[in-house]
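Student: My questions will all concern the structure given below.
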Amino acid sequence: MLLTDTTILVVDDEPVTREYLFSYFQNVGYKVLSAETAEQAELILKSEKISLLLLDIRMPGKDGLTLTRELRASSEVGIILVTGSVDEYDRLIGLECGADDYITKPFNPREILARAKNIIR
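This is the structure in structure tokens:
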């Protein structure tokens with residue numbers, strides 16, 4: 307049962323991470339969509355009202371940093387970068403590209419939920 311009209315888009319090329327985040331946010335009452343690539347995410351963004359992206363940085367094709375930069379040119383959608391990279395340079399670049407937050411894997415899903423709520427608010 308949906309508790310909110312907020313839609314979250316999970317974008318990650320790793321099926322385990324994508325499905326885990328999808329299930330977690332769906333179980334707490336959000337409408338959740340998912341994409342395996344940035345290109346798939348762009349198609350969804352054109353047809354759906356998305357409130358928040360949970361976006362991996364490193365994906366085949368267009369990466370998450372490029373998508374973040376492009377979205378910031380025309381959108382205020384919330385963006386949390388969720389990545390396996392612990393490189394401080396990646397974190398800084400992600401935030402400079404316009405991401406609202408940055409979380410490294412492995413992550414605590416309750417922490418991502420708390421951060422997501424702050425951005426959606």
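Using this note's numbering, the letters of the sequence shown correspond one by one to residues 307 to 427.
Don't be surprised by glycine CBs; every beta carbon is placed ideally from N, CA and C.
(1) Tell me the DSSP secondary structure of Y336 in three-state form.
(2) In terms of alpha-carbon separation, which member of T374, N333, N424 lies closest to L348?
(3) Do I356 and I314 have their CB atoms nearer than 9 Å?
(4) Per DSSP, which residues does R384 bridge with? Please list them.
(5) Are three or more beta carbon pairs between the region 327-346 and the region 360-379 nearer than 8 Å?
(6) Nearest-angstrom Cα distance between E354 and E394?
Tutor: On the basis of the supplied data:
(1) coil
(2) Just to set this straight, residue 348 is Glu in the shown sequence, not Leu. Comparing Cα-Cα distances from E348 to each of T374, N333, N424, the minimum goes to T374.
(3) yes
(4) It is Gly, not Arg, that sits at residue 384 in the sequence shown. Beta-bridge pairing links G384 to L358.
(5) yes
(6) 33 Å
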